[in-house]
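Protein chains in written order, with the working numbering: chain A, 51 to 243; chain B, 51 to 243. A virtual CB, placed ideally from N, CA and C, is assigned to each residue, including glycine. Given the structure is predicted, the values throughout are model-derived calculations rather than measurements. Beneath this line is the structure, given in structure tokens, with notes to follow.
2 protein chains.
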Amino acid sequence: MPKVGMEPMRRSALVEATISEIGRAGSLDVTVSQIAKKAGVSSGLAHHYFGSKDQIFLAAMRHILVVFGAEVRGALLMAETPNDRLQAIIRSCFSAQNFRPEVVSAWLSFYVLAQQSDDAKRLLRIYHLRLKSNLMYALKQLKANNDEEIADTIAALIDGVYIRQALQRDEANAQRAVSLISTYVKDALEGQT
Amino acid sequence: MPKVGMEPMRRSALVEATISEIGRAGSLDVTVSQIAKKAGVSSGLAHHYFGSKDQIFLAAMRHILVVFGAEVRGALLMAETPNDRLQAIIRSCFSAQNFRPEVVSAWLSFYVLAQQSDDAKRLLRIYHLRLKSNLMYALKQLKANNDEEIADTIAALIDGVYIRQALQRDEANAQRAVSLISTYVKDALEGQT
DNA sequence: ATTTTTGTTGACTGTTGAGTCAATCAAAAG
DNA sequence: CTTTTGATTGACTCAACAGTCAACAAAAAT
Chain A
51 MPKVGMEPMR RSALVEATIS EIGRAGSLDV TVSQIAKKAG VSSGLAHHYF GSKDQIFLAA
111 MRHILVVFGA EVRGALLMAE TPNDRLQAII RSCFSAQNFR PEVVSAWLSF YVLAQQSDDA
171 KRLLRIYHLR LKSNLMYALK QLKANNDEEI ADTIAALIDG VYIRQALQRD EANAQRAVSL
231 ISTYVKDALE GQT
Chain B
51 MPKVGMEPMR RSALVEATIS EIGRAGSLDV TVSQIAKKAG VSSGLAHHYF GSKDQIFLAA
111 MRHILVVFGA EVRGALLMAE TPNDRLQAII RSCFSAQNFR PEVVSAWLSF YVLAQQSDDA
171 KRLLRIYHLR LKSNLMYALK QLKANNDEEI ADTIAALIDG VYIRQALQRD EANAQRAVSL
231 ISTYVKDALE GQT
């Protein structure tokens, strides 16, 4: 079985397994062995490819952020008006991919990780900046005079809805989440123009 | 030195130490020894009074919720109009006591704990229900036709602002947090009446 | 004065889990 | 056919830590 070129497959299997196990456990309290088992390999191999548990976590976090970023970019491509752009961003947050229970749960754990690891903090900051810049770009075109406050509110709302979803654990209602935030956006823009 | 009646003092010292250490570490990854040391006692004593680490965490969480609940109730007493009531609730969330960096950080960890422990989940659910009921009571008097959605949005906003504060770690700007949420409330109510 | 109760410690135990390492296997290269 | 290289394992080491326990200290009760 040992063929050449296994590395990328193993890496991504381990990353997926990490997200899945973190989601299942609801915390970073998962062992390398659990992750490896879920990925169908030995714990030694996980260390072989990633070096340490921390690196595995970071790789998983990077993966989630990359998937998220790609989805947002894809959705933005099809948006024509500034309002479309806002909707595209919001809807991306709650897409089937990103709003999966394990992923939501993993997000929460990554927020915790970011309090401990500088690398994780850096990753999350980049994500935050990109999200805000995307929001601001659309809001500026809409001539919202308090665009910065609105952007921060949207961002906080997204995080808040996520955290609450992580707790409830019933099947995620993405529709309601999107409508909640969209309603806010509508009200906020009406109130000020 | 061993006088009678030490128990309540030790318990509260340990609870305070737990919050402080969780806040410092940014996660539940603190040892009983660390907590005990911070409280100025031995690890054995912590076990003596609480039985297990889980129980210590739960006691700390209960303490935060009790303090929070008391503050909200106090603020509500002085509110006269429904709008005052909303403001009172929001302002309580960001009071000097509740919005301390360690407490904010501990909150985030408690959300994680609630994904693992049923007891923690129950505690948090009670807090959520009480918060929502307080919000709804005020919103109903304001004749908001979409009161439930507004209540959920406020709650999500509070959580979102908290989580972001936990990350930034710079000195908390409670003023801005309150104004962010108050602005939302104003817009939401104007938009619909 | 002695007994009981309450508070308190720190050493000890058992377990768990991260990371290492030598050895193995099979394909690819020469 | 032999050598190299990448993939892979599982046993092993070592440290950390939760929880236990026997023992001690001082006040309170008798």
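*asked:* Between tryptophan 157 of chain B and tyrosine 234 of chain B, how many whole angstroms is the CB-CB distance? I'm expecting something under 8 Å.
replied: Contact annotation, tryptophan 157 of chain B with tyrosine 234 of chain B: C-beta distance approximately 20 Å; criterion of less than 8 Å not satisfied.
*Roughly how many angstroms separate the alpha carbons of alanine 205 of chain B and serine 92 of chain A, rounded to a whole number?*
In this structure, the straight-line span from the alpha carbon of alanine 205 of chain B to that of serine 92 of chain A is close to 44 Å.
_I need the boundaries of the alpha helix (DSSP H) containing phenylalanine 118 of chain B, first residue and last residue._
Counting along the chain, phenylalanine 118 of chain B sits inside the alpha helix (DSSP H) bounded by residues 103-127.
*Leaving out five residues before and five after aspartate 209 of chain A in sequence, what residues of the same chain have Cβ atoms less than 7 Å from its Cβ?*
Residues of the same chain with their beta carbon placed closer than 7 Å to that of aspartate 209 of chain A are lacking, with the five preceding and five following residues left out of the count.
*Do you know how far the Cα of valine 154 of chain A is from the Cα of alanine 224 of chain A?*
About 12 Å.
*Sufficient close CB pairs (3 or more, under 8 Å) joining the stretch 162-179 of chain A to the stretch 100-119 of chain A*: A contact exists between the stretch 162-179 of chain A and the stretch 100-119 of chain A.
*Taking only beta-carbon atoms, is alanine 238 of chain A less than 7 Å away from chain B?*
True, the Cβ-Cβ gap to chain B drops below 7 Å.
*At a cut of 8 Å, does the stretch 112-132 of chain A reach the stretch 140-148 of chain A through at least three beta carbon pairs?*
Counting Cβ pairs under 8 Å, three or more are found: they touch.
*Contacts of alanine 216 of chain A in chain B (Cβ-Cβ under 8 Å)*: Contact note: alanine 216 of chain A reaches chain B through Tyr161, Gln165, using a C-beta cutoff of 8 Å and chain order.
*asked:* Distance check for lysine 193 of chain A and leucine 163 of chain B, CA to CA, integer angstroms please.
replied: Approximately 42 Å, taken between the alpha carbons.
*asked:* Below 8 Å, how does it come out for the stretch 179-192 of chain A and the stretch 130-138 of chain A: are there three or more Cβ pairs, yes or no?
replied: The answer is yes - the stretch 130-138 of chain A touches the stretch 179-192 of chain A, with three or more Cβ pairs under 8 Å.
*Taking 7 Å as the CB-CB cut-off, is aspartate 209 of chain A touching chain B?*
Residue-level contact check: aspartate 209 of chain A touches chain B, since one or more beta carbons of chain B fall below 7 Å from its beta carbon.
*Taking aspartate 202 of chain B as the query, report the chain A residues whose CB atoms sit under 7 Å from its CB, ordered along the chain.*
Within 7 Å Cβ-Cβ: Leu230.
_Buried versus exposed call for glycine 55 of chain A [16 or more other C-beta atoms within 10 Å across all chains shown]_ = Flag for glycine 55 of chain A reads exposed.
*Is it true that the CB of valine 65 of chain B sits closer than 7 Å to the CB of histidine 98 of chain B?*
No, they are not a contact pair.
_Residues of its chain near tyrosine 177 of chain A, where Cβ-Cβ distance is below 8 Å and the 5 sequence neighbours each way are ignored_ = Excluding five sequence positions before and after tyrosine 177 of chain A, the CB atoms of its chain that fall closer than 8 Å to its own CB belong to Leu115, Phe118, Gly119, given in chain order.
*Mapping DSSP to helix, strand and coil, what is glutamate 130 of chain B?*
For glutamate 130 of chain B, the secondary structure class from DSSP, reduced to helix, strand or coil, is coil.
*Would you say serine 183 of chain A faces chain B, with C-beta separation under 7 Å as the test?*
Serine 183 of chain A is outside the set of residues whose beta carbon lies under 7 Å from a beta carbon in chain B.
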